[in-house]
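Residue numbers for the sequence shown follow this note's numbering, beginning at 149 and rising by one. C-beta: ideal position from N, C-alpha, C; glycine also. No experiment lies behind these values; they were computed from the predicted model shown.
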Amino acid sequence: MGIFALQSMVGGFLDEDLKHYNKIFDDWCVQFESIEDAQLILDTLEKNEQIKIVEITPLSYPKYFFPKLQGIIHATREYDGKIICIVEPQMGMSFRIAICDLKTKKVRVLSSRYKSALSVEGAFANLSFDL
149 MGIFALQSMV GGFLDEDLKH YNKIFDDWCV QFESIEDAQL ILDTLEKNEQ
199 IKIVEITPLS YPKYFFPKLQ GIIHATREYD GKIICIVEPQ MGMSFRIAIC
249 DLKTKKVRVL SSRYKSALSV EGAFANLSFD L
């Protein structure tokens, strides 16, 4: 399910023009189906020692696979065919847990709100909520 992209060591994903970098991985970034294809392009770029090949998966970049997922993602975990995320809907707001279904692509944000990262991490680590 993963795809591959080229990422600058200072951040940003290589844009389709092969010159600029996007801060967020999206459809305008160069994407490859295999690591070998990514390596072929990487070998042709200047300063390629400052660029690395990364795999884009629902676990590593959930916002790309689940466009309805909004906010700052602090942690992800895969469990029972679902990607579970700690989400801060907007900076300074209470943390929430979002459950993203890999099959249906639906996102459900749980109603519980957590004031601190520690409290949400406890629920997250123990899966103390209904999937």
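Query: Residue 181 versus residue 153: straight-line alpha-carbon distance, rounded; Result: 9 Å
Query: Residues near residue 250 by beta carbon distance below 7 Å, same chain, minus five either side; Result: 206, 229, 230, 231
Query: Residue from 252, 185, 235, 258 whose Cα sits closest to the Cα of residue 264; Result: 235
Query: C-alpha distance - residue 275 paired with residue 245, whole-angstrom precision; Result: 10 Å
Query: DSSP beta-bridge partners of residue 261; Result: Answer is none; residue 261 lacks a bridge partner.
Query: Continuous beta strand (DSSP E) stretch holding residue 134: start and end; Result: Lying before the first or after the last residue shown, residue 134 is absent from the chain, which here runs from 149 to 279.
Query: Nearest candidate by alpha-carbon position, reference residue 215, set 175, 171, 169, 164; Result: 175
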